[in-house]
Every structure is written in structure tokens, then in C-alpha cells.
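Undergrad: So the sequence shown is numbered by my numbering: it starts at 89 and just counts up by one.
Please see the structure below; I have some questions.
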Amino acid sequence: MATLADVLEARTAEAAPELIERISRDRIRCYACGHECPIPEGAVGVCKVRFVRDGALHVPWGYIGGVQCDPIEKKPFFHAYPGALAYSFGMLGCDLHCSYCQNWVTSQALRDPAAVAPPVDATPGALVADATHLGARVVVSTYNEPLITAEWAVEIFKQARAVGLMTGFVSNGNATERVLQYIRPWIDLYKVDLKSFDDKHYRQLGGRIEPILRTIRRLHELGVWLEIVTLLIPGFNDAPDELERLAAFLASVSPDIPWHVTAFHKDYRMSDPENTTPEMLLHAAAIGKAAGLRYVYAGNIPGRVGDLENTRCHQCAALLVERYGYLVRSYQITADGRCPQCGTSIPGRWGKQFDGQITASPFLPGTRRLRTY
Ligand code: SF4
89 MATLADVLEA
99 RTAEAAPELI
109 ERISRDRIRC
119 YACGHECPIP
129 EGAVGVCKVR
139 FVRDGALHVP
149 WGYIGGVQCD
159 PIEKKPFFHA
169 YPGALAYSFG
179 MLGCDLHCSY
189 CQNWVTSQAL
199 RDPAAVAPPV
209 DATPGALVAD
219 ATHLGARVVV
229 STYNEPLITA
239 EWAVEIFKQA
249 RAVGLMTGFV
259 SNGNATERVL
269 QYIRPWIDLY
279 KVDLKSFDDK
289 HYRQLGGRIE
299 PILRTIRRLH
309 ELGVWLEIVT
319 LLIPGFNDAP
329 DELERLAAFL
339 ASVSPDIPWH
349 VTAFHKDYRM
359 SDPENTTPEM
369 LLHAAAIGKA
379 AGLRYVYAGN
389 IPGRVGDLEN
399 TRCHQCAALL
409 VERYGYLVRS
419 YQITADGRCP
429 QCGTSIPGRW
439 GKQFDGQITA
449 SPFLPGTRRL
459 RTY
């Protein structure tokens, strides 16, 4: 019987030339993520989905591990087209192995036998047609780490852009300069999951902090709309000193970068820490505001975090977007992206008007259509 690895091996294409370097006769370096694996003939990279065979680097292609229609607030993007539908797709695999991962069925499919997510064959055209048919405004690569499947995402994004859709990544941010340059022409929005501000913690998860901080700086410099999320895990990353350093770093890049602190709930293999309480989120958010961040949000505990689900003007504090969880209750930003009360320009990507919300709850679009367009 074919293993999941066998099934995926049949669904590959050659890596983009921009993302590889031949470093010896039988070894290719991959630059799709910050691991920069020097992969010998017959071996796989750390992510287990990119491998060298017959002198070429093969990368995932032609399938999805999951697809879902999400409110864009779920990604979360709060400063990009509130109320829009984000047509979200993922492949399989990840370059990190966070024990608390909330997408473990897709991200750890090749490491953990309990994580089973059979791939569904798909074409970029079918995915984009489905997104358009369902009224999506944005197509987002998410669920697994999109950097390690960047070629497939870029192919979909090219076709999405051609029909007027926006594009985005929901990523751990473990990028390289080469992969950022590769995706830059095709990407509008980028969420980085900044998991900690301690290199020791990142090494526990299988990464390093330095490439992630570099990615955040570069995305901002490159003009990609960027929002940051930190899943607050009691006892792991919630020390006040660590949060102060994290928030100070973000404010040093730009005080306009939205920072979402979200609540951990017991999941996957990390069941030791207690769930994050609303008080813990409020405390972390206060640290962010004290560091100078203008837009700090608290997520995953709707209705229990005071004003921290709403967007207020950083100048005059007028209520601009009122939310409950993923539901947008009111929207006041002007057609040119300003506060209607004081005229301050609000950082983000705004539509000319609020067109209502297609969904405040994720739903499955059904995958039978994906092969038939
Ligand atoms: S994507 Fe990252 S982990 Fe995977 S082969 Fe490339 S450098 Fe290695």
C-alpha cells in the first residue's frame, strides 16, 4: 500500500531556479526557507516535502491538503479588506514542528502518523475559479507552511491576480531573501506568526529567531502588508520581559504593524500549559501599547477582551471597525482609508466601501469541483 510520502512524491514539479543553488556535483541547496538545506542526491530537506532526485530538486505541486472559505478576520488580517472572504488553501508539511500546532493535520502529515490528510488533486485554474465563484476577494496560502510550497502558491497567485484577486501568506516567517524576492511580485498580504522572542524557544520548535526577525523587517521594507500574531502560551512565551522585547522590536520596525495576541487552547501534543485567560491577553496587549504599537488586538476569546477586538483611530480613538470574534459589526473607514472623525490615514489595505461580510464562520467549499474546471 502506498504511503503518504509515496503519494506526494508523485505530485511534484522542479523547484524554481531562483530558489536553488547547485553547491556540488550531487548536492543542491534549497532557499525556500531559512533552513537553507544542502540536500544530497536521494535525500529530503528538513520539511520532508522537497527532495533531490536525478540531479533535480522536486517540490510539491498539483494538490491541496485542505481548502476552506474563511472570513479574512480568521487569518487574522484586521487591516485588510474587513469582511472579505479569504479562499484559503494549503498543502502538506512544515519546516518547524511546534507541539501546539493548531493545523497539525496538514503541517505534520509527514512526521506524525496520527496526522492524516489525504491530498486532493487540483489545478491553479480550478482553485482560482472556485474562489471567484464563491465571491472571495483574497486567496491565501495557509494551513501548512506556505514558504516550503512557494512555487505552487506563486502559480495560483499569478492566476488569482489575473482575475483581480488579492493574495496572501499565513506563515511562520522563516524565509530567506531569495524566497521573499521570488514571491514579492505576486503577494499583497503576509501574516507572520512570531512565536516567541527567545532563540532557545525557537530552537525547541525546530527553528531560529534571526531569520524570522529579518523576514519581518524585509516584508515591511518591501511594502507587503504585514500583520503579526503571537499565540500566548502560559509558561512558554508570556514572560513580561520577553513580551516587552518582542513588542519593542515590532515598534522599531513600525508602530503601524498590527500585533494580535491570541489565546492558546490545549491542542495536539502540548496539553501541559493552562489555557490562556482573558487577563493574560489584556496584560500582553498593555505591554504592546506601552511599547508604542498603535494597533494591538486580542483574539480567540470573543467578547471577553474589552475593546481589543475593535479598531480605533490611533489619533483620536474614534471607533472604526467594531468586531465580535470574526464578525464585523460596524465599519466607518472612509473610501480613501481615513478616520471619518479626524481624517488620519489608517494603515492597511482598505476597500472603497464595506460591502458587508460574506461569512463570519469558516465553511468548506467542497473539493469535487477542483478537478473539473
Ligand atoms: S523548504 Fe526549507 S526545510 Fe524544506 S528543503 Fe527547502 S530549505 Fe530545507
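Beta carbons are placed, not taken as given, at the ideal position from N, Cα and C, and that holds for glycine.
Below 8 Å, how does it come out for the region 151-166 and the region 129-140: are there three or more Cβ pairs, yes or no?
TA: The region 151-166, when compared against the region 129-140, does not touch it at the 8 Å Cβ threshold.
Undergrad: What's the call for C182, buried or exposed, on a 16-neighbour Cβ count within 10 Å?
TA: Residue 182 sits at position 94 when you count from the first residue of the sequence shown. So C182 ends up on the buried side.
Undergrad: Are the Cβ atoms of F245 and V227 separated by less than 8 Å?
TA: Start at 1 with the first residue of the sequence shown, and residue 245 comes out as number 157. Start at 1 with the first residue of the sequence shown, and residue 227 comes out as number 139. Their beta carbons are under 8 Å apart, which means F245 touches V227 by this criterion.
Undergrad: Sorted by chain position, which residues of the same chain lie with C-beta nearer than 8 Å to A131's C-beta, five sequence neighbours on each side aside?
TA: Numbered from its first residue, the sequence shown carries residue 131 at position 43. For A131, where only same-chain residues beyond five positions count, the Cβ hits under 8 Å are F139, V140.
Undergrad: Which ranges would you report for the alpha helix (DSSP H) in the region 111-161 if only whole runs of at least 4 residues count?
TA: Here no run is fully enclosed.
Undergrad: Which residues bound the alpha helix (DSSP H) around A339?
TA: Translated into the one-based positions of the sequence shown, residue 339 becomes position 251. From DSSP, the alpha helix (DSSP H) with A339 extends over 328-341.
Undergrad: Looking at H348 and P363, is the spacing between their C-beta atoms short of 8 Å?
TA: Residue mapping note: residue 363 aligns to position 275 of the sequence shown, counting from 1. Residue mapping note: residue 348 aligns to position 260 of the sequence shown, counting from 1. According to the sequence shown, residue 363 is Asn rather than Pro. No. Outside cutoff.
Undergrad: With DSSP as the reference, label G376 as helix, strand or coil.
TA: Start at 1 with the first residue of the sequence shown, and residue 376 comes out as number 288. In the structure shown, G376 sits in a helix (DSSP, three-state: H, G or I).
Undergrad: Considering only residues of the region 377-449, which uninterrupted alpha helix (DSSP H) runs meet the minimum length of 4 residues and lie entirely inside it, listed in chain order?
TA: With a minimum length of 4 residues, no continuous alpha helix (DSSP H) run stays inside the region 377-449.
Undergrad: Could you check which residue in E129, P148, R305 has the C-alpha nearest to that of V95?
TA: For the purposes of this step, residue 95 is taken as residue 7 along the sequence shown, with counting starting at 1. When only C-alpha atoms are compared, the closest one is P148.
Undergrad: Whole angstroms is fine: what's the gap from P273's alpha carbon to E109's?
TA: The residue you call residue 273 lines up with position 185 of the sequence shown. The residue you call residue 109 lines up with position 21 of the sequence shown. For P273 and E109, the distance between alpha carbons rounds to 21 Å.
Undergrad: Identify, in the order they occur along the chain, each residue of the same chain with its Cβ nearer than 6 Å to the Cβ of W438, setting aside the five sequence neighbours on each side.
TA: Along the sequence shown, read from residue 1 onward, the residue named residue 438 stands at position 350. Counting only Cβ-Cβ distances below 6 Å, and skipping sequence neighbours, we find I421, G425.
Undergrad: Would you mind reading off the limits of the beta strand (DSSP E) that contains W240?
TA: The residue you call residue 240 lines up with position 152 of the sequence shown. Taken as a continuous stretch (DSSP letters only), W240 belongs to no beta strand (DSSP E), being part of the alpha helix (DSSP H) at 238-250.
Undergrad: CB-CB under 7 Å to A168, same chain, minus the five flanking residues each way: which ones, in chain order?
TA: Position 80 of the sequence shown, counted from the first residue, corresponds to residue 168. So the list reads I160, L277, W313, G436, R437, once near-sequence residues are dropped.
Undergrad: Suppose you measure from the CA of V409 to the CA of Y383; what does that come to, to the nearest Å?
TA: Numbered from 1 along the sequence shown, position 321 holds the residue referred to as residue 409. Numbered from 1 along the sequence shown, position 295 holds the residue referred to as residue 383. V409 and Y383: Cα-Cα distance of roughly 12 Å.
Undergrad: Have a look at the DSSP bridge pairing and note the partners of K279.
TA: To locate residue 279, count along the sequence shown from 1; it is residue 191. In the DSSP output, where bridge partners are listed per residue, K279 has V258, E315.
Undergrad: Would you tell me roughly how many angstroms separate the C-alpha atoms of C430 and Q403, rounded to the nearest one?
TA: By one-based count along the sequence shown, residue 430 stands at place 342. By one-based count along the sequence shown, residue 403 stands at place 315. One C-alpha to the other measures close to 8 Å.
Undergrad: Compare the C-alpha of L215 against each of Q247, P105, A351 and name the closest.
TA: Taking the first residue of the sequence shown as 1, we reach residue 215 at position 127. L215 has its Cα closest to that of Q247, out of Q247, P105, A351.
Undergrad: Specify the secondary structure class of Y461 as computed by DSSP and reduced to three states.
TA: Here the question's residue 461 lines up with position 373 in the sequence shown. Bear in mind that the predicted position of Y461 carries a pLDDT of just 39, short of 50, making it too unreliable to give a figure here.
Undergrad: Could you compute how far the alpha carbon of P428 sits from the alpha carbon of R400?
TA: Numbered from its first residue, the sequence shown carries residue 428 at position 340. Numbered from its first residue, the sequence shown carries residue 400 at position 312. Those two C-alpha atoms are separated by around 11 Å.
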